[in-house]
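Per the UniProt record's numbering: the sequence shown ends with 352, consecutive numbering throughout.
Have a look at the structure below before the remarks.
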Amino acid sequence: MCKVIGELVEKLYKYNSLSKEELIYLIKGINDDNKELLIEAANRTRIEHYGNKVYMRGLIEFTNYCKRNCKYCGIRVANKNLDRYRLTKEEIIQCVKNGKTLGYSTYVLQGGEDSYFDDEKMVEIIKAIKSMYPQDAVTLSIGERSYESYKKMYEAGADRYLLRHETASRKLYERLHPDGDYDNRVRCLWNLKEIGYQVGAGFMVGLPGQTTEDLVEDLLFIKKLEPHMCGIGPFIPHKDTPYRLEKHGRLDDVIIMLAITRLLLPNVLLPATTALGSISDKGREKGIKAGANVVMPNLSPINVRDKYSLYNNKICTGDEAAECRRCIENRINNIGFDIDLGRGDNLNWTRG
Ligand code: SAH
């Protein structure tokens, strides 16, 4: 078994591709004795492409209003236990300025699907940031919108868009998103790519009812889509959702998915997510060692941090942006990596 696993890892390292059957065999055959083979190959691939740099992005969680009802998510519209907030344009700009002072040059504006932030308001915010810092990158993560809306925001200067596909298994997707449309989510990702954004897809690991075969669908999906970024983190239950009693995704399972993703897409930007750091104290460090090369410390104002409650036990909700910045830098240095505060564009990408 171990020999076969070793051969599969070598093949994946060399060709950046495996068949569906091989991926299933690999994932089912990974254990404590052979997982280092995979992690080491993923790390080698990252070093060859990106060196030992870990890119920092400042995350601004600007609204927790959401019209969607994703069963796993704490900010779903049906959660009446949540204190809802929206940052004003001025508050968002203040977060960006604060980020700039701390050295960041990329800002991620994330929120629920909040109709208040229509195209006009988003364009205004994007233009305001880009006029202050034209060289810096603005990333949006505000869910599904029309082609025209994505285009307007791109033309206003937005550089990147994060829209996790959540799960590539249609059956599981439909179970998790009673009001969702799998085909539309996938279409949005292709639209974003066509418009010219650097696109981030991604998925959760350990979702209720998720199988190895479902995870292999995720891997095959990202291989086909070739996103510039891919956010992978554990599912974590939230107390005010239908999945409150479910178990969170396992650390090792996330690490394995990160490593395989790095090997399938050597140039991908791969975050060691906050959710990964929330299930294990050294989760993000383990993710970085397995091929992750991005972290997204929080720049949101302290008084809203715990209201952006996607899942329970989220880390860093009480820390100032400056503390988060220092803490993560220390963690990265302690495992022999260096931070990079540049834009950190995907190696394959040039703005058209
Ligand atoms: N409205 C945006 C942003 C969603 S929140 C969008 O639709 O893309 C950002 C990400 O948090 C989601 O894409 C999801 O993958 C993750 N998330 C939400 N609830 C979670 C949970 N309970 N556990 C782990 N990750 C979760």
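We treat Cβ as the ideally placed atom computed from N, Cα and C, and that holds for glycine.
None of the values given here were measured: they were computed from a predicted structure.
For residue i, which residues in the same chain have their Cβ closer than 6 Å to its Cβ, ignoring the five residues on either side in sequence?
i	result
residue 297	324, 325, 328
residue 49	266, 267
residue 173	167, 182
residue 61	110, 300, 308
residue 129	96, 138
residue 217	168, 169
Among the options, which has the Cα closest to the Cα of residue i?
i	options	result
residue 13	20, 27, 45	45
residue 196	185, 139, 213, 251	139
residue 246	141, 148, 210, 32	210
residue 269	54, 214, 20, 3	54
residue 343	41, 7, 57	57
residue 96	299, 307, 317, 232	299
residue 315	182, 19, 275, 293	275
residue 115	150, 11, 65, 137	65
residue 102	345, 341, 346, 160	341
residue 40	290, 318, 338, 320	290
residue 224	202, 137, 61	202
residue 204	186, 279, 232, 135	232
residue 288	11, 42, 31	42
residue 162	131, 143, 148, 119	143
residue 279	98, 253, 136, 261	253
residue 164	283, 133, 8, 184	184
residue 188	148, 178, 134, 175	148
residue 10	273, 260, 337	260
residue 255	98, 145, 295, 38	38
residue 169	106, 7, 193, 221	221
residue 319	146, 219, 302	302
residue 346	338, 200, 317, 339	200
residue 338	31, 51, 76, 3	51
residue 31	3, 178, 47	3
residue 67	159, 131, 178, 105	178
residue 119	145, 47, 272, 25	145
residue 180	141, 15, 117, 113	113
If I measure Cβ to Cβ from residue i and keep anything under 7 Å in the same chain, skipping five residues before and after, which residues do I get?
i	result
residue 285	331, 335
residue 349	198, 228
residue 226	265
residue 322	102
residue 312	236, 237, 238, 239
residue 127	156, 157
Can you list, in chain order, the residues of its chain whose CB lies under 8 Å from that of residue i, leaving out five sequence neighbours each side?
i	result
residue 206	234, 235, 247, 248, 249, 250, 253, 254
residue 150	161, 188, 191, 192, 195, 197
residue 219	23, 257, 260, 261, 264
residue 105	133, 135, 136, 137, 341, 342, 343
Check your understanding: Listed by chain order, which residues have C-beta atoms less than 6 Å from any heavy atom of the ligand SAH?
Key -> A distance filter of 6 Å between CB atoms and the heavy atoms of the ligand SAH selects the following residues in sequence order: 72, 73, 110, 112, 113, 141, 142, 143, 163, 164, 166, 204, 233, 235, 236, 238, 275, 310, 311.
Check your understanding: Which parts of the segment 132-175 are runs of the beta strand (DSSP E), unbroken and 3 residues or longer, counting only runs that do not cross its ends?
Key -> DSSP runs (the beta strand (DSSP E)) wholly in the segment 132-175: 137-141, 160-162.
Exercise for review: Take every Cβ of the segment 59-78, pair it with every Cβ of the segment 238-252, and state whether three or more of those distances are shorter than 8 Å.
Suggested key: Proximity of the segment 59-78 to the segment 238-252 meets the contact definition, three or more beta-carbon pairs being nearer than 8 Å.
Practice item. Say whether the segment 199-219 touches the segment 76-87, bearing in mind that this needs 3 or more beta-carbon pairs closer than 8 Å, one atom from each stretch. Key: At 8 Å Cβ cutoff, the stretches do not touch.
Practice item. At 3 residues or longer, and completely inside the segment 254-333: list those beta strand (DSSP E) runs for me, N to C. Key: If we require 3 residues or more, the segment 254-333 turns out to have no beta strand (DSSP E) run fully inside it.
**Study point:** At least 3 beta-carbon pairs within less than 8 Å: the segment 122-141 vs the segment 152-162
**Key:** Flag = yes, the segment 122-141 and the segment 152-162 touch.
Exercise for review: Tell me, please, whether the segment 14-25 touches the segment 301-318 by the rule of three or more beta-carbon pairs shorter than 8 Å.
Suggested key: Between the segment 14-25 and the segment 301-318 there are fewer than three C-beta pairs closer than 8 Å, too few to call the two in contact.
Check your understanding: Residue ranges of each beta strand (DSSP E) run of no fewer than 3 residues wholly in the segment 66-140, ordered along the chain?
Key -> You should have 106-111.
**Study point:** Whole runs of the beta strand (DSSP E) within the segment 188-227, excluding any shorter than 3 residues
**Key:** As for any beta strand (DSSP E) of minimum length 3 sitting wholly inside the segment 188-227, the runs are 198-205, ordered along the chain.
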